[in-house]
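*Asks:*
In this note's numbering, the protein residues as written are 3 to 555.
1. CB residue 458 to CB residue 479, shorter than 9 Å?
2. According to the neighbour-count rule (16 or more other Cβ atoms, all chains shown, within 10 Å of its Cβ), is residue 354 buried or exposed?
3. Beta-carbon within less than 6 Å of residue 556's beta-carbon, same chain only, minus the 5 sequence neighbours each way: which residues are those?
4. Mapping DSSP to helix, strand and coil, what is residue 483?
5. Does DSSP classify residue 133 as helix, strand or coil?
6. Considering just the uninterrupted stretch of the alpha helix (DSSP H) at residue 113, what are its terminal residues?
7. Consult DSSP for residue 397 and reduce its assignment to one of helix, strand or coil.
8. Where does the unbroken alpha helix (DSSP H) through residue 343 begin, and where does it stop?
9. Buried or exposed, going by whether 16 or more other CB atoms sit within 10 Å of the CB of residue 435?
10. Sort 529, 337, 521 by Cα distance to residue 425 and report the nearest one.
11. Return the chain-ordered list of same chain residues with a C-beta closer than 7 Å to the C-beta of residue 153, the five sequence neighbours on each side being excluded.
12. Determine the burial state of residue 412: buried for a count of at least 16 other Cβ atoms within 10 Å of its Cβ, exposed for fewer.
13. Alpha carbon to alpha carbon, how far is residue 257 from residue 167?
14. In terms of residues, what are the limits of the alpha helix (DSSP H) holding residue 459?
15. Please classify residue 206: is it buried, with 16 or more other beta-carbons within 10 angstroms of its beta-carbon, or exposed?
16. Skipping 5 residues on each side, what residues in its chain have a beta carbon closer than 8 Å to that of residue 70?
17. So, with DSSP's three-state summary, where would you put residue 48?
18. Whose CA, out of 502, 325, 472, 477, lies closest to the CA of residue 490?
19. Quick one: give me the first and last residue of the beta strand (DSSP E) that residue 243 is part of.
20. Could you please give the first and the last residue of the uninterrupted alpha helix (DSSP H) stretch that includes residue 438?
21. Inspect the beta-carbon positions of residue 259 and residue 230 and report whether they are closer than 9 Å.
22. Can you tell me the Cβ-Cβ gap for residue 474 and residue 466, rounded? I've got them flagged as a contact below 8 Å.
23. Where do the ends of the beta strand (DSSP E) carrying residue 191 lie?
24. Tell me where the beta strand (DSSP E) around residue 333 begins and ends.
25. Nearest to residue 146 by alpha carbon, out of 51, 78, 236?
26. Quick check on residue 306: buried or exposed, where buried means 16 or more other Cβ atoms within 10 Å of its Cβ?
27. Kindly indicate which three-state DSSP category residue 159 falls into: helix, strand or coil?
28. Would residue 304 pass as a contact of residue 338 if the rule is Cβ separation under 9 Å?
29. According to DSSP, simplified to helix, strand and coil, what is residue 55?
30. Could you tell me which residues DSSP pairs with residue 308 in its beta bridges?
31. Which residues does DSSP pair with residue 76 in a beta bridge?
32. Do you know how far the Cα of residue 136 is from the Cα of residue 387?
33. Below 6 Å CB to CB, which residues in the same chain sit around residue 301 once its five sequence neighbours on both sides are set aside?
34. State the Cα-Cα distance for the pair residue 317 and residue 287, rounded to the nearest angstrom.
35. Grouping DSSP H, G and I as helix and E and B as strand, with all else coil, what is residue 209?
36. Expressed to the nearest angstrom, what Euclidean distance is found between the alpha-carbon atoms of residue 455 and residue 250?
Written out as structure tokens, the structure reads:
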């Protein structure tokens, strides 16, 4: 071997060894921090849940006392900040439970536009650039939203509230050479690049920017966990992150998320859902006495009947006693021989129609594997607000009740009676099982059904041939009432059935009828008859549609 090649080979071996040592050092730091944050997060979030729950209950008792209400709200803001701190630590330690969905980042970023403009202020010029033909990626939508928001806030601060922020989304590929030098995996990625025109970061601190609690901001202006949270999320999602900066010219943060070849998922955002309670029975399983009593008080305040157990074994005793239970609301991390996943499995065996909702401040590996929440598992992270609890409980119960109804659907073999007039129905429902079972019900009544999962798909499917729109209110990309308005702007004569858990929903959409989950084919038939009773379709043989002065209520 020539002498020059020998030196080159030796130099490459030294570089590779240094890279491996650096990767090992960072990996050990991640593991140590993950164990530390995991151990602290469970007790810390339980404590926050007790404080938060009691403050929210107290807020009702002091209604009208403005000074007291202000103090309670300030205390709740402190709880929120404490919760965010714990969440960011778990994210950096790659211990947060992710719920990844296949999403199109371009549409996702465009959906964040209003929120980003409000956050950044009028003095920051925001530009979002999305390349055509953008691939899908697998990522937790809520977490990537937090990551982009964190990067935008960092950029705003670096620009001192005035400048230009550019967010780009494009396809990218990392080759073997780049991957080897940057601790990445070669392959195809979706790239999100966030670029500001701020002060930039000095070269001597670039290697520290992703470390927890490191911040270039003045003391008291930041926790130093924003970038570390983004770093942890990207790594936990099998992605890659790179930061480029030049003092006086700005900074670019590039996030590479692995390409997904799967079709885009329907993503449900519960934040727009109505806040309401119910009368079902909830079994609360929680080993922390203060957390358990606070949770029971919140649920009772929402109208639910409650049963309580201090561990999974006690909960199983209650389940096997024959008590009627609609939902098991259980902490993930509990003492005793029976673990929470086993409790959920046995509860489903004894009560096939029961819903299960997990809650935790730290999930360990009980319902999370490979950093991702197990398929079909519903989780409400601690600490949670009363409104968040109400929405999640209603969502989980409503879907379970509709699934229970779906398993009992029997499509009649005989054709619909001759006097029943066939409608062409556009059915909008994001839950596939509910959509298929509802379509079966409608088709058994003699109607033709076009089923879609999102508001965007509904608008594409809307045509002059559609007679009736049946839509869920909790759609992933638009509120159901907003969809009704958009459809009626094109089709004023459109019949509307709202599928909802809110009895008052039909009051907000004039000329509609609501069916309450869980509904049956008889409920659907009654709703359609109510709509068509006084309506006559022009040119149709005896078909009933609304006249302008006779709209059903």
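The beta-carbon is built from N, C-alpha and C at its ideal position, and this holds for glycine as well. Computed from a predicted structure; not experimentally measured.
*Replies:* Straight from the coordinates:
1. Here residue 458 is taken as the residue at index 456 of the chain shown, counted from 1. Here residue 479 is taken as the residue at index 477 of the chain shown, counted from 1. Yes, Cβ-Cβ distance for residue 458 and residue 479 is below 9 Å.
2. As a position in the chain shown, residue 354 is number 352, starting the count at 1. Counting Cβ neighbours within 10 Å, residue 354 comes out exposed, since fewer than 16 surround it.
3. In this structure the chain extends from 3 to 555, so residue 556 is not present and cannot be described.
4. Translated into positions along the chain shown, residue 483 becomes position 481. Three-state DSSP puts residue 483 in a helix.
5. Mapped onto the chain shown, residue 133 falls at position 131. Under the three-state reduction of DSSP, residue 133 is assigned to coil, being neither helix nor strand.
6. To locate residue 113, count along the chain shown from 1; it is residue 111. Taken as a continuous stretch (DSSP letters only), the alpha helix (DSSP H) holding residue 113 covers 107 to 113.
7. Taking the first residue of the chain shown as position 1, residue 397 is located at position 395. In the structure shown, residue 397 adopts helical secondary structure according to DSSP, grouped into three states.
8. In the chain shown, the residue the question calls residue 343 occupies position 341. Residues 342 to 352.
9. One-based indexing of the chain shown puts residue 435 at position 433. Burial call: exposed.
10. As a position in the chain shown, residue 425 is number 423, starting the count at 1. Comparing Cα-Cα distances from residue 425 to each of 529, 337, 521, the minimum goes to 529.
11. In the chain shown, the residue the question calls residue 153 occupies position 151. Answer for residue 153: 196, 232, 255, listed in chain order.
12. Against the chain shown, residue 412 aligns to sequence position 410. Residue placement at residue 412 is flagged as unreliable, the pLDDT there being 45, under the threshold of 50; the coordinate-derived value follows with that caveat. With fewer than 16 Cβ atoms within 10 Å of its Cβ, residue 412 is classed as exposed.
13. As a working mapping, residue 257 is identified with position 255 in the chain shown. As a working mapping, residue 167 is identified with position 165 in the chain shown. Their Cα atoms are separated by approximately 16 Å.
14. The residue labelled residue 459 in the question sits at position 457 within the chain shown. Residues 457 to 463.
15. Counting from 1 along the chain shown, the entry for residue 206 is found at position 204. Residue 206 counts as exposed, since fewer than 16 other beta carbons sit within 10 angstroms of its beta carbon.
16. Locating residue 70 in the chain shown gives position 68, where the first residue counts as 1. Counting only Cβ-Cβ distances below 8 Å, and skipping sequence neighbours, we find 64.
17. Mapped onto the chain shown, residue 48 falls at position 46. Looking at residue 48 - three-state DSSP - the assignment turns out to be helix.
18. Start at 1 with the first residue of the chain shown, and residue 490 comes out as number 488. Nearest of 502, 325, 472, 477 to residue 490, Cα basis: 472.
19. Numbered from 1 along the chain shown, position 241 holds the residue referred to as residue 243. Here the beta strand (DSSP E) through residue 243 covers 242 to 248.
20. Start at 1 with the first residue of the chain shown, and residue 438 comes out as number 436. Element bounds for residue 438: 434 to 446.
21. The residue given as residue 259 occupies position 257 in the chain shown. The residue given as residue 230 occupies position 228 in the chain shown. The answer is no: Cβ separation not under 9 Å.
22. Counted from its first residue, the chain shown places residue 474 at position 472. Counted from its first residue, the chain shown places residue 466 at position 464. Not really, about 24 Å apart at Cβ, beyond 8 Å.
23. On the chain shown, position 189 is the one that residue 191 refers to. Residues 189 to 198.
24. Within the chain shown, residue 333 is the residue found at index 331, counting from 1. Taken as a continuous stretch (DSSP letters only), the beta strand (DSSP E) holding residue 333 covers 329 to 333.
25. Here the question's residue 146 lines up with position 144 in the chain shown. Among 51, 78, 236, the Cα nearest to that of residue 146 is on 236.
26. Stepping through the chain shown from its first residue, residue 306 is reached at position 304. It counts as buried.
27. As a working mapping, residue 159 is identified with position 157 in the chain shown. DSSP places residue 159 in helix when its eight states are reduced to three.
28. Translated into positions along the chain shown, residue 304 becomes position 302. Translated into positions along the chain shown, residue 338 becomes position 336. It is not a contact, given that the beta carbons lie outside the stated cut-off.
29. The residue labelled residue 55 in the question sits at position 53 within the chain shown. Residue 55 falls in the helix class under three-state DSSP.
30. The residue you call residue 308 lines up with position 306 of the chain shown. In the DSSP output, where bridge partners are listed per residue, residue 308 has 284.
31. Stepping through the chain shown from its first residue, residue 76 is reached at position 74. Bridge partners of residue 76: none, in fact.
32. Against the chain shown, residue 387 aligns to sequence position 385. Against the chain shown, residue 136 aligns to sequence position 134. Whole-angstrom Cα-Cα distance: 36 Å.
33. Sequence index remark: in the chain shown, residue 301 carries index 299 (1-based). The residues are 284, 308.
34. The residue labelled residue 317 in the question sits at position 315 within the chain shown. The residue labelled residue 287 in the question sits at position 285 within the chain shown. Approximately 7 Å between the Cα atoms of the pair.
35. Taking the chain shown and counting its residues from 1, the one referred to as residue 209 is at position 207. Of the three classes helix, strand and coil, the one that applies to residue 209 here is helix, per DSSP.
36. As a first step, residue 455 is located in the chain shown; it is residue number 453 there, counting from the start. As a first step, residue 250 is located in the chain shown; it is residue number 248 there, counting from the start. Roughly 48 Å separates the two Cα atoms.
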